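Numbering (the working numbering), first residue to last: 190 to 682. Worksheet: the structure to be examined is printed underneath.
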RNA sequence: CGGGGUGUAGCGUAGCCCGGUAUCGCGCCACAUUUGGGAUGUGGAGGUCGUAGGUUCGAAUCCUGCCACCCCGACCA
């Protein structure tokens, strides 16, 4: 492990990549754009999964699993869907290899060509709706509320660890409803679940909003989203929830008998978050010393580092350390006791800072003597000496974890506030975008043409029309035409 | 797909212009001394120099082709 991470201020992109690798979250694989998620990184993802899964189940959803491969013909059934995904699909054309005759290795067996090629799912709407056709006959079968945890593949031009990988892990919810209103309510509900998860667990403040027609999901009538702001002033779409109308129902002939005896197409939604959330988590909170993890998602919340010389001293310290560990665990706090004698304390301190462990406890002979602990918090990098008698250790650490969770949320919230700028002219728009970046709250005339033009000129896109948008008379920053409320622009990941 | 760059030990690199089978650091192994912020010393292991050809007595180095990856753009969760 080499010392020193690149500085965010010098090269944000390099800082991010190095951090992901050095904190043992993930690394590149032999296949371009794919990554190996390492145990430490994966355990953060598992925590995210566990919370989200709980929230999905609390809102009435159940998990299922649909296949990785989709017949090519399925994809073309919904016109705008195929247009959106066709350019980035991996295709399976053969099912067998054989030894090359010249002994140079294995080759694709030309005899083993598939009748119909298979698509590796870029998303599962098509295969799921083709299945729903058989599952739904009556209003009694509705609503159908299903989620799946899966991997998907999108052959992107350019990839970045966690933020955009060729294969990524995600969950995709796919629901079917009897009415438009009900499907829309579901779409809103799931966006709120995502927002709540981001804010409460990731300590990541998000804007709840609606995508413009340009930015909408391929095949959706409406896309709601949560948008977050990263430390470099770029926006990151953290989750989306789509109202599919009857588009997929029509494409896959999914009809149901109504109570009144009619036959109607069902209404659908789909919603998803991915391992991209890992990228959001990393970029939102971390600093030049490494990761900063919110206690609610850290693989372990507390690490205890013993300081000792010799076996005997370690034995004495371990007694106390294990006592603390047991107390904390009883209180539901996850702890790691690192008594390896293969690394020195200083090395461990740096290591756990790099890995973002929220609280570090150092315990040495001096502490045994004085009945103290050295408690260091990762978010502020401050240390304090804690007297055993002052209060129960569980109360102390529990309170501290709470404080850290709150603290990093507040810090991110303040950052977003400082970096959300109301702009009222085109000059100002360009100036802010090039200078401090962040979210630009501006009037827009509501046309895709203006949106495209702004994107072309500045690379900024409309991240969303905030759901809490205040009605306000104004003129579009670009076209000067009338506008009735502000939208959020930003350069995005 | 356009622009730029890089492939030499697990990682990061020197050597390349000016051909003579490889430098240094981190990491790894052993031993000793160390342990309250990334220890020190001594000894050691580890490389068909991305790949295929060519030139040459001899190629990491010169020439040609290929492959891969990274970064910046356009595209996208």
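Here a beta-carbon is modelled for each residue, glycine too, at the ideal position from N, C-alpha and C. Note that the coordinates shown come from a computational prediction; the quantities given were computed from them, not determined experimentally.
Through-space distance from residue j to residue i, alpha-carbon basis
| i | j | result |
| --- | --- | --- |
| residue 637 | residue 406 | 15 Å |
| residue 482 | residue 458 | 32 Å |
| residue 339 | residue 359 | 6 Å |
| residue 194 | residue 621 | 29 Å |
| residue 671 | residue 448 | 46 Å |
| residue 287 | residue 302 | 13 Å |
| residue 419 | residue 602 | 11 Å |
| residue 306 | residue 300 | 14 Å |
| residue 451 | residue 444 | 10 Å |
| residue 402 | residue 653 | 10 Å |
| residue 500 | residue 623 | 59 Å |
| residue 519 | residue 246 | 27 Å |
| residue 425 | residue 469 | 7 Å |
| residue 270 | residue 584 | 53 Å |
| residue 663 | residue 325 | 47 Å |
| residue 332 | residue 251 | 12 Å |
| residue 308 | residue 262 | 9 Å |
| residue 613 | residue 564 | 48 Å |
| residue 644 | residue 634 | 14 Å |
| residue 453 | residue 228 | 48 Å |
| residue 264 | residue 238 | 28 Å |
| residue 528 | residue 494 | 7 Å |
| residue 512 | residue 212 | 29 Å |
| residue 596 | residue 196 | 22 Å |
| residue 233 | residue 491 | 15 Å |
As assigned by DSSP and simplified to three states, the class of residue i
| i | result |
| --- | --- |
| residue 191 | Note that residue 191 scores a pLDDT of 42, beneath 50, so its modelled location is shaky; the value from the coordinates is reported in the next line. In this structure, residue 191 counts as coil in the three-state DSSP scheme. |
| residue 427 | strand |
| residue 499 | helix |
| residue 626 | coil |
| residue 207 | helix |
| residue 466 | helix |
| residue 476 | strand |
| residue 481 | coil |
| residue 197 | coil |
| residue 514 | helix |
| residue 322 | helix |
| residue 316 | helix |
| residue 621 | helix |
| residue 589 | helix |
| residue 417 | strand |
| residue 616 | helix |
| residue 202 | helix |
| residue 599 | helix |
| residue 438 | helix |
| residue 422 | coil |
Contact belief for residue i with residue j at Cβ below 8 Å, rounded distance in angstroms
| i | j | result |
| --- | --- | --- |
| residue 473 | residue 417 | 7 Å |
| residue 249 | residue 334 | 5 Å |
| residue 506 | residue 590 | Contact doesn't hold; Cβ gap of about 23 Å is too wide. |
| residue 608 | residue 625 | 6 Å |
| residue 259 | residue 310 | 5 Å |
| residue 154 | residue 678 | Outside the shown range of the chain, which is 190 to 682, sits residue 154, and nothing can be said about it. |
| residue 682 | residue 388 | Rounded, the Cβ-Cβ distance is 19 Å, inconsistent with contact. |
| residue 442 | residue 322 | 6 Å |
| residue 375 | residue 364 | 5 Å |
| residue 231 | residue 337 | Actually they do not touch by this definition, with Cβ atoms about 19 Å apart. |
| residue 467 | residue 203 | Incorrect: roughly 18 Å between the Cβ atoms, too far for contact. |
Residues that residue i bridges to, as DSSP identifies them
| i | result |
| --- | --- |
| residue 432 | 411, 458 |
| residue 302 | 283 |
| residue 507 | None, per the DSSP bridge assignment. |
| residue 217 | 224 |
| residue 576 | 561 |
| residue 444 | 454 |
| residue 571 | 566 |
| residue 296 | 287 |
| residue 610 | 629 |
| residue 525 | 492 |
| residue 486 | Answer is none; residue 486 lacks a bridge partner. |
| residue 692 | Given a span of 190 to 682 for the chain in the structure shown, any question on residue 692 remains unanswerable. |
| residue 308 | 259, 280 |
Quiz item: Quick one: complete beta strand (DSSP E) runs, 3+ long, within the segment 325–408?
Solution: 333–342, 356–366, 396–399
Quiz prompt | 3 or more residues per run - each beta strand (DSSP E) lying fully within the segment 229–286 | solution = 258–260, 280–283
Exercise. Would you list, in sequence order, the uninterrupted alpha helix (DSSP H) runs of no fewer than 4 residues that lie entirely inside the segment 631–682?
Key: 637–647
Self-check item: Inside the segment 540–566 only - beta strand (DSSP E) runs reaching at least 3 residues
Solution: 548–552, 561–566
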